[in-house]
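K.L.:
Let me begin by handing over the structure; questions about it come next.
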Amino acid sequence: MKRVDFAIIGGSYAGLSAALQLARARRDVLVVDAGQRRNRFVDEAGETSHGFLSQDGRAPGEIAADARQQLMRYATVRWMDGVAEQAWVEPDGRLAFRVGETRISAARLILATGARDELPPIPGLAERWGRSVFHCPYCHGYEMDAGRIGIVATSSLAHHHAVMLPDWGATTLFLNGAYSPNEDELAVLARRGTQLERTPIERIEGLADVVLKDGRKLPMNGLFTQPRTTMSSPLAEQLGCAMDEGPMGPFIKTGEAQATSIPNVFACGDAARAAGNVALAVADGVMAAFGAHRASMF
């Protein structure tokens, strides 16, 4: 059993941010990372990240790589590539988990394990995820160039997209049989200028062209949808952490300084938010590190 003071599971933006704070507090830190950033599809599509102060327009992978390089300059940081699994609380209250054949015991544990997106099963949509199909208007709405924006509904959550996105371009809501707006919602959409299309979608082709079941093709500058999110790792549940149910899916319940319901376990980033982005993940990581560090003293 390898014993460490602080372990961080997840080496993306939240985990890197937490590790940096602890390193600068001169504490020993182990970061375990499986290399599965949630926004890796943006890199694969050759696109960039937006809305993060000083990093606007950079590839997400470049931001993460620079952060890791800066982090590893600190002598108290160790990095382990691999999947953390089978977490449990030891009788003395320490937090244990396994990475391959290695068992690790930590006095304080930060979960930055992220979330996974489940996309609607529309032919051609998944292939464009991160390229011309998105979920966050604040992250990608500006890049629509004030042009035609389509919303592929998966649930009544599409109403929020349909109210927001007209600020970024001419918006069409493709209901696709996912839900039916009530009279009040229809009035709001009319006031916002959102067009409704009730004919089901056959497929997505081209950049973001929506081909309908009746044969019509509606070209769009980009599409937004509402994926269902699931936890990328079962560790929080294995440890017994309380969960919250958000509009898009479950996430780890946290309190002050990102503390979970299990003593000495903290959570940050998309695993501990109903919705988030890079900037919020970085901020959560800072707070989780503060909480874990202070818990070691008080």
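Residue numbers (the numbering used here): 2 to 299.
For each residue, glycine too, the CB sits at the ideal point set by N, CA and C.
Bear in mind that the values here come from a model prediction, so they are computed numbers and not experimental data.
If we ignore side chains and look at the alpha-carbon of each, how far apart do F267 and G194 end up?
P.N.:
Within the sequence shown, the letter at position 266 stands for residue 267. Within the sequence shown, the letter at position 193 stands for residue 194. Between F267 and G194, the C-alpha separation is close to 43 Å.
K.L.:
Return the CA-CA distance between F135 and M298, expressed in angstroms with no decimal places.
P.N.:
Here residue 135 refers to the residue found at position 134 when the sequence shown is read from its first residue. Here residue 298 refers to the residue found at position 297 when the sequence shown is read from its first residue. Those two C-alpha atoms are separated by around 43 Å.
K.L.:
Count the C-beta pairs between the region 185-201 and the region 153-171 that are closer than 8 Å, then say yes if the count reaches three, no if not.
P.N.:
With the cut-off at 8 Å, the region 185-201 and the region 153-171 touch.
K.L.:
Please go through the same chain and pick out, in chain order, the residues whose beta-carbon is closer than 7 Å to the beta-carbon of R95, but skip the five residues on each side of it.
P.N.:
Position 94 of the sequence shown, counted from the first residue, corresponds to residue 95. Same-chain partners within the cutoff: S106, A107, A108.
K.L.:
Classify F345 as helix, strand or coil using the three-state DSSP reduction.
P.N.:
The requested residue 345 does not occur in the structure, where the chain is confined to residues 2 to 299.
K.L.:
If I measure Cβ to Cβ from A46 and keep anything under 7 Å in the same chain, skipping five residues before and after, which residues do I get?
P.N.:
Taking the sequence shown and counting its residues from 1, one reaches residue 46 at position 45. Counting only Cβ-Cβ distances below 7 Å, and skipping sequence neighbours, we find G131, R132.
K.L.:
Use the C-beta contact count for M334: other C-beta atoms within 10 angstroms, 16 or more gives buried, fewer gives exposed.
P.N.:
Any question about residue 334 goes unanswered here, given that the chain covers just 2 to 299.
K.L.:
So A113 and S13 are in contact, right, with Cβ under 8 Å, and what is the actual spacing, rounded?
P.N.:
Position 112 of the sequence shown, counting from 1, holds the residue named residue 113. Position 12 of the sequence shown, counting from 1, holds the residue named residue 13. Right, the Cβ-Cβ distance comes to about 7 Å (below 8 Å), so this counts as a contact.
K.L.:
Please report the residue range of the alpha helix (DSSP H) in which D67 lies.
P.N.:
As a first step, residue 67 is located in the sequence shown; it is residue number 66 there, counting from the start. 61-72 is the span of the alpha helix (DSSP H), which, as asked, contains D67.
K.L.:
Span of the alpha helix (DSSP H) holding A191?
P.N.:
As a working note, residue 191 is residue 190 in the sequence shown. A191 -> alpha helix (DSSP H) spans 184-193.
K.L.:
Assuming L17 and R59 form a contact by the criterion Cβ under 8 Å, report the distance between their Cβ atoms to the nearest whole angstrom.
P.N.:
Position 16 of the sequence shown holds residue 17. Position 58 of the sequence shown holds residue 59. Contact doesn't hold; Cβ gap of about 15 Å is too wide.
K.L.:
For my contact list, L120 and P228 are in at a C-beta cut-off of 8 Å; report their separation, rounded to the angstrom.
P.N.:
Within the sequence shown, numbered from 1, the residue matching residue 120 stands at position 119. Within the sequence shown, numbered from 1, the residue matching residue 228 stands at position 227. That pair is a contact at about 5 Å.
K.L.:
P201 and R149 look like a contact to me (Cβ under 8 Å); what is the Cβ gap, rounded to whole Å?
P.N.:
Indexing the sequence shown from 1 puts residue 201 at position 200. Indexing the sequence shown from 1 puts residue 149 at position 148. With 8 Å as the limit, P201 and R149 do not qualify as a contact, their Cβ atoms being about 19 Å apart.
K.L.:
Please classify E91: does DSSP put it in a helix, a strand, or coil?
P.N.:
The residue given as residue 91 occupies position 90 in the sequence shown. Three-state DSSP puts E91 in coil, outside helix and strand.
K.L.:
Helix or strand or just coil, what does DSSP make of L249?
P.N.:
As a first step, residue 249 is located in the sequence shown; it is residue number 248 there, counting from the start. The sequence as given places Met at residue 249; Leu does not occur at that position. Coil.
K.L.:
From what residue to what residue does the beta strand (DSSP E) around R204 run?
P.N.:
Indexing the sequence shown from 1 puts residue 204 at position 203. Per DSSP, R204 belongs to the beta strand (DSSP E) from 202-206.
K.L.:
Just verifying my parser: in three-state terms, what is the DSSP assignment at G223?
P.N.:
In the sequence shown, the residue the question calls residue 223 occupies position 222. Three-state DSSP puts G223 in a strand.
K.L.:
What's the C-alpha gap between E198 and F42?
P.N.:
Position 197 of the sequence shown holds residue 198. Position 41 of the sequence shown holds residue 42. E198 and F42: Cα-Cα distance of roughly 28 Å.
K.L.:
Do V32 and A24 count as a contact pair if the criterion is CB distance below 7 Å?
P.N.:
Start at 1 with the first residue of the sequence shown, and residue 24 comes out as number 23. Start at 1 with the first residue of the sequence shown, and residue 32 comes out as number 31. Not a contact, by the Cβ cut-off of 7 Å.
K.L.:
Would A282 and A15 be called neighbours here (beta carbons separated by less than 7 Å)?
P.N.:
Here residue 282 refers to the residue found at position 281 of the sequence shown. Here residue 15 refers to the residue found at position 14 of the sequence shown. Against a cut-off of 7 Å, the Cβ pair of A15 and A282 comes out as a contact.
K.L.:
V134 CB to nearest chain D CB: under 7 Å?
P.N.:
Of the protein chains in this structure there is only one, and it is not chain D.
K.L.:
Rounded C-beta distance between H160 and P182? I'm assuming under 8 Å.
P.N.:
Within the sequence shown, the letter at position 159 stands for residue 160. Within the sequence shown, the letter at position 181 stands for residue 182. Indeed they touch by this definition, with Cβ atoms about 6 Å apart.
K.L.:
Between the alpha carbons of A85 and R217, how many angstroms are there, rounded?
P.N.:
In the sequence shown, counting from the first residue as 1, residue 85 sits at position 84. In the sequence shown, counting from the first residue as 1, residue 217 sits at position 216. Computed Cα separation, rounded: 48 Å.
K.L.:
Bridge partners of K3, per DSSP?
P.N.:
Looking up residue 3 in the sequence shown gives position 2. BP columns for K3 point to I105.
K.L.:
When you compare the CB positions of L213 and V153, do they come within less than 7 Å of one another, or not?
P.N.:
Working through the sequence shown from its first residue, we reach residue 213 at position 212. Working through the sequence shown from its first residue, we reach residue 153 at position 152. Cβ atoms of L213 and V153: not closer than 7 Å.
K.L.:
Here's the rule I'm using: 16 or more other beta-carbon atoms within 10 Å means buried, otherwise exposed. How should Q56 be labelled?
P.N.:
Looking up residue 56 in the sequence shown gives position 55. Q56 should be labelled buried.
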